[in-house]
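Working notes for the structure below.
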Amino acid sequence: MELDAIIQESMAIAEEEFYKNKFEFSYSSLNKLLWNPQAFYQTYVLGNREERDDAHLVNGKIIHALLLEPEKFNENFIISPDNLPTGNPKIVIDRVFNHHQELSKNGDERIQLNEFSDAILDVMKDMKYHQTLKTDQQRLDKIITNENSGYWNFLRAKGKKTLIDQQSLEFCKTAVDIIKTDSKICNLLGCNVTEFDNKEVFNEIPLTCNVNEMPFGLKAIIDNLVFDNDKKIIYINDVKTTSKELKDFPETIEFYNYWLQAAIYTSIVAARYFEKFESGWMIQFNFVVIDKYFQIYPFPVSHNTLEDWINRLTETLRVAEWHYNNKRFDLPYQFANELVTL
Numbered sequence: 008m009e010l011d012a013i014i015q016e017s018m019a020i021a022e023e024e025f026y027k028n029k030f031e032f033s034y035s036s037l038n039k040l041l042w043n044p045q046a047f048y049q050t051y052v053l054g055n056r057e058e059r060d061d062a063h064l065v066n067g068k069i070i071h072a073l074l075l076e077p078e079k080f081n082e083n084f085i086i087s088p089d090n091l092p093t094g095n096p097k098i099v100i101d102r103v104f105n106h107h108q109e110l111s112k113n114g115d116e117r118i119q120l121n122e123f124s125d126a127i128l129d130v131m132k133d134m135k136y137h138q139t140l141k142t143d144q145q146r147l148d149k150i151i152t153n154e155n156s157g158y159w160n161f162l163r164a165k166g167k168k169t170l171i172d173q174q175s176l177e178f179c180k181t182a183v184d185i186i187k188t189d190s191k192i193c194n195l196l197g198c199n200v201t202e203f204d205n206k207e208v209f210n211e212i213p214l215t216c217n218v219n220e221m222p223f224g225l226k227a228i229i230d231n232l233v234f235d236n237d238k239k240i241i242y243i244n245d246v247k248t249t250s251k252e253l254k255d256f257p258e259t260i261e262f263y264n265y266w267l268q269a270a271i272y273t274s275i276v277a278a279r280y281f282e283k284f285e286s287g288w289m290i291q292f293n294f295v296v297i298d299k300y301f302q303i304y305p306f307p308v309s310h311n312t313l314e315d316w317i318n319r320l321t322e323t324l325r326v327a328e329w330h331y332n333n334k335r336f337d338l339p340y341q342f343a344n345e346l347v348t349l
């Protein structure tokens with residue numbers, strides 16, 4: 008079978024698996040579908056996912072963990088050592104480590120760098136690295152050093168944890184300390200709730216809901232939910248970091264489609280806790296924003312604005328339904344339907 012035929016068959020199988028189970032759109036997946044349907048297809052249909060390590064995304068994750076789930080910080084993050092190898096030695100070790108991970112799935116019990124001499128030599132040969140040396144042992148001596156063995160052990164300890172540097176950690180710790188000293192922000196997030204406050208606080212809570220008459224659902228992991236039983240208000244608080252200033256955040260909402268995130272979160276919470284709203288409860292959505300100068304402000308979203316965003320979400324879901332039902336992921340909706348003129 009030719010390579011093209013194998014690739015097409017593999018894609019067909021992946022697509023069949025995707026449509027076999029009901030898909031649930033998150034903010035990130037729906038935003039990607041609007042921006043670049045082909046990227047959505049690669050990521051969510053074919054399963055070719057790539058980890059994002061953008062600084063603002065990583066900082067946001069760190070702050071969420073330190074502020075909302077500090078007990079889980081060490082489960083999800085690992086600090087980068089100061090003496091990481093660089094250049095070709097790092098490339099060799101990374102490739103050999105990936106090889107080790109694949110082999111370990113099939114029962115290979117080797118765990119130390121010096122146990123993979125053949126793989127090291129093969130990678131070095133492919134890279135044409137140190138091939139002028141006379142012996143294989145001389146080549147191995149360039150890679151199997153104390154420093155490189157330490158990096159190998161670090162990779163083993165890292166696992167699926169997010170790698171962060173000390174500078175990022177210090178920035179995020181400062182931001183969290185400032186939040187904790189701001190009584191208004193702490194009260195909003197329910198940081199110091201006691202049994203006498205008549206409030207319930209949920210952090211990093213996963214929620215899902217169905218979408219009426221559509222073949223998919225919605226899902227989210229909401230940063231912070233606070234149920235104020237006295238005021239009958241559910242506060243949905245989303246913590247954001249920005250490399251800009253606070254005054255620029257309203258523009259950022261449109262640029263990154265954060266309105267879509269707010270609408271999805273609100274819709275899911277309204278569906279999940281509908282019985283509360285039948286008895287008079289309300290929703291208050293807030294973007295809690297930390298800018299590059301450690302200025303913090305909770306941007307409340309008015310009910311009129313939130314209603315407008317939910318109406319926009321409804322239109323957006325119709326676009327998603329068109330892509331989903333027609334299995335069209337080649338162009339954004341407006342281009343695929345020739346709705347754009349100049």
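When the letters of the sequence shown are read in order and numbered with the numbering used here, they come out as residues 8 to 349. Every residue gets a Cβ at the ideal spot worked out from N, C-alpha and C, and that includes glycine.
Three or more beta-carbon pairs drawn from the region 24-44 and the region 254-269 are found closer than 8 Å, and the two stretches are therefore classed as touching. Taking C-beta atoms under 8 Å as the contact rule, Phe178 and Ile243 fail to qualify, at a distance of about 26 Å. Within 10 angstroms of the beta-carbon of Leu346 lie fewer than 16 other beta-carbons, which makes it exposed. Under the DSSP assignment, Pro213 falls outside any alpha helix (DSSP H), being part of the beta strand (DSSP E) whose first and last residues are Lys206 to Asn217. The region 201-208 makes no contact with the region 247-254: fewer than 3 CB pairs, one atom from each, lie closer than 8 Å.
A direct Cα-to-Cα measurement between Asp255 and Asp148 gives close to 53 Å.
The alpha-carbon of Gln15 is positioned some 18 Å away from that of Pro44. In the pairwise beta carbon analysis, the region 81-95 is classified as touching the region 157-170: at least three pairs are separated by under 8 Å. The shortest C-alpha to C-alpha distance from Ile260 to any of Val326, Thr312 and Ala277 is the one to Thr312.
A Cβ-Cβ distance of about 14 Å is found for the pair Ile70 and Asp189, leaving them out of contact under the 8 Å criterion.
Counting every other CB atom within 10 Å of its CB across the protein chains shown gives Met289 a total below 16, marking it as exposed. One Cα belongs to Trp159, the other to Leu120, and the distance between them is close to 7 Å. Annotated three-state conformation of Ile171 is strand, per DSSP. Annotation for Thr169: Val65, Lys68, Asn83 and Phe84 place their beta carbon closer than 7 Å to its own, counting only its chain and skipping 5 residues before and after.
Taking a C-beta distance under 8 Å as the contact criterion, Met134 and Asn90 do not qualify as a contact pair. Val246 places its beta carbon less than 8 Å from that of Val295. Contact between Ile275 and Thr215 holds: CB atoms are separated by about 7 Å, below the 8 Å threshold. Each residue's CA atom was taken as its position, placing Tyr263 and Trp316 some 14 Å apart.
For the pair Leu195 and Arg319, the Cα-to-Cα distance works out to about 27 Å. Comparing alpha-carbon positions, the option among Glu116, Lys97 and Ala182 lying closest to Ala72 turns out to be Ala182. Distance from the CA of Phe47 to the CA of Arg335, rounded to the nearest whole angstrom, comes to 11 Å.
The beta-carbon distance between Phe209 and Tyr331, rounded to whole angstroms, is 30 Å. This is too long to meet the 8 Å contact definition. For the set Leu37, Asn105, Leu53 and Ile150, the Cα lying nearest the Cα of Phe25 is the one of Leu53.
Cβ contact annotation for Arg279 (same chain, cutoff 7 Å, sequence separation greater than five): Leu214 and Cys216, in chain order.
The C-beta of Leu40 has 16 or more other C-beta atoms within 10 Å across all chains shown, which makes the residue buried. Per DSSP, Asn231 is one residue of the beta strand (DSSP E) stretching across Gly224 to Asp235.
If you keep only unbroken alpha helix (DSSP H) runs of at least 4 residues inside the region 113-156, you get 124-134 and 143-150. Cβ contact annotation for Val326 (same chain, cutoff 6 Å, sequence separation greater than five): Tyr340, in chain order.
Distance from the Cα of Glu207 is smallest, within the candidate group Ile240, Asn28 and Ile127, for Ile240.
The three-state reading of DSSP puts Gln291 in strand, counting E and B together. Closest by C-alpha distance to Ile228, out of Asn155, Ala19, Tyr272 and Pro77, is Tyr272. Its chain contains Leu91 and Tyr158 as the residues whose beta carbon lies nearer than 8 Å to that of Lys97, once the 5 sequence neighbours on both sides are disregarded; these appear in chain order. In the displayed model, Thr248 falls within a strand according to three-state DSSP. Comparing alpha carbon positions, the residue from Lys299, Glu220 and Ile171 closest to Asn81 is Ile171.
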